[in-house]
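Chemist: Position 23, counted from 1, in the sequence shown is what the numbering used here calls 23; the numbers after and before it change by one each time, with no gaps.
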Amino acid sequence: MNAVLQSNRTAAPESSIAFQSLNDAWLDRVLAIEQRAYSHPWSRANFVDSLATGYQMQVLCAEQDEGQGTGQNKLLGYFVAMKGFEEVHLLNITVAPEYQGRGWGKAMLQALAVWSRGQGANDLWLEVRASNARAIHVYQAHGFETVSVRKDYYPDRNSAREDAVVMKLKL
């Protein structure tokens, strides 16, 4: 699924935006974002297991112009999805906090929907914390509909649990 995106909302001047396979080389950088983005982040083992299982895992990055001197692509976000029978389940989608609100989540959802259709999926499923109004809004704007609520699905602070909103996009 390696693709280049053109956007009027580039992450940096003189850069192009591309999807690349999330592999071991990206793990440290992905984990750093995961830690900053969530109160209950995925562990390294979660990502390693997903790699070993062969899940669809992509990073979205800004390919730096050599003149910028860093020599390292900017990691904008990533997603992990599991293919099932005629469906795909989005397990994790994250935009680095410093790049949120610029349309990168939407770009990743669009790319995942295209890939899912290519895999013969009819539906794209996800769960999201009931308290994550911003993400729910993004999903609804992308065409996801609320299907149900899973009570006490996510761990929360002080040994409490939080509900998950189950959403589906008809492909």
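C-beta: ideal position from N, C-alpha, C; glycine also.
By DSSP, does residue 154 sit in helix, in strand, or in coil?
Modeler: If you number the sequence shown from 1, residue 154 lands on position 154. Here residue 154 sits in strand by DSSP.
Chemist: Alpha carbon to alpha carbon, how far is residue 145 from residue 139? Give it in angstroms, no decimals.
Modeler: Taking the first residue of the sequence shown as 1, we reach residue 139 at position 139. Taking the first residue of the sequence shown as 1, we reach residue 145 at position 145. About 8 Å.
Chemist: Along the chain, where does the beta strand (DSSP E) that runs through residue 163 open and close?
Modeler: As a first step, residue 163 is located in the sequence shown; it is residue number 163 there, counting from the start. Its beta strand (DSSP E) spans residues 161-170.
Chemist: So, is residue 110 buried or exposed, given that buried needs 16 or more other C-beta atoms within 10 angstroms?
Modeler: Taking the first residue of the sequence shown as 1, we reach residue 110 at position 110. Exposed: under 16 other Cβ atoms inside 10 Å.
Chemist: Sorted by chain position, which residues of the same chain lie with C-beta nearer than 7 Å to residue 42's C-beta, five sequence neighbours on each side aside?
Modeler: Here residue 42 is taken as the residue at index 42 of the sequence shown, counted from 1. Correct list, in chain order: 34, 92.
Chemist: For the beta strand (DSSP E) containing residue 125, list its first residue and its last residue.
Modeler: As a working mapping, residue 125 is identified with position 125 in the sequence shown. 123-129 is the extent of the beta strand (DSSP E) around residue 125.
Chemist: Report the rounded CA-to-CA distance for residue 159 versus residue 115, giving the unit in angstroms.
Modeler: Counting from one through the sequence shown, the residue named residue 159 turns up at place 159. Counting from one through the sequence shown, the residue named residue 115 turns up at place 115. C-alpha separation (whole angstroms): 37 Å.
Chemist: With the cut-off set at 9 Å, would you say residue 169 and residue 81 are in Cβ contact?
Modeler: For the purposes of this step, residue 169 is taken as the residue at position 169 of the sequence shown. For the purposes of this step, residue 81 is taken as the residue at position 81 of the sequence shown. The answer is no: Cβ separation not under 9 Å.
Chemist: List the residues that DSSP assigns as beta-bridge partners of residue 89.
Modeler: Locating residue 89 in the sequence shown gives position 89, counting from the first residue. In the DSSP output, where bridge partners are listed per residue, residue 89 has 82, 125.
Chemist: Kindly identify the DSSP beta-bridge partner or partners of residue 98.
Modeler: Your numbering for residue 98 matches position 98 in the sequence shown. None, per the DSSP bridge assignment.
Chemist: Is the beta carbon of residue 17 closer than 9 Å to that of residue 45?
Modeler: Within the sequence shown, residue 45 is the residue found at index 45, counting from 1. Within the sequence shown, residue 17 is the residue found at index 17, counting from 1. No, Cβ-Cβ distance for residue 45 and residue 17 is not below 9 Å.
Chemist: For residue 77 versus residue 99, is the C-beta spacing smaller than 9 Å?
Modeler: Translated into positions along the sequence shown, residue 77 becomes position 77. Translated into positions along the sequence shown, residue 99 becomes position 99. Taking 9 Å as the Cβ cut-off, residue 77 and residue 99 qualify as a contacting pair.
Chemist: Spatial neighbours of residue 166 within its chain, please: CB distance less than 8 Å, with the 5 preceding and 5 following residues excluded, ordered by chain position.
Modeler: For the purposes of this step, residue 166 is taken as the residue at position 166 of the sequence shown. Answer for residue 166: 125, 126, 127, 146, 147, 148, 149, 150, listed in chain order.
Chemist: Closest to residue 94 by C-alpha separation, out of 156, 36, 117, 122, would be which residue?
Modeler: Numbered from 1 along the sequence shown, position 94 holds the residue referred to as residue 94. Among 156, 36, 117, 122, the Cα nearest to that of residue 94 is on 36.
Chemist: If you draw a straight line from the C-alpha of residue 123 to the C-alpha of residue 153, how long is it?
Modeler: Within the sequence shown, residue 123 is the residue found at index 123, counting from 1. Within the sequence shown, residue 153 is the residue found at index 153, counting from 1. Distance between the alpha carbons of residue 123 and residue 153: 21 Å.
Chemist: Which residues does DSSP pair with residue 77 in a beta bridge?
Modeler: Here residue 77 refers to the residue found at position 77 of the sequence shown. BP columns for residue 77 point to 60, 95.
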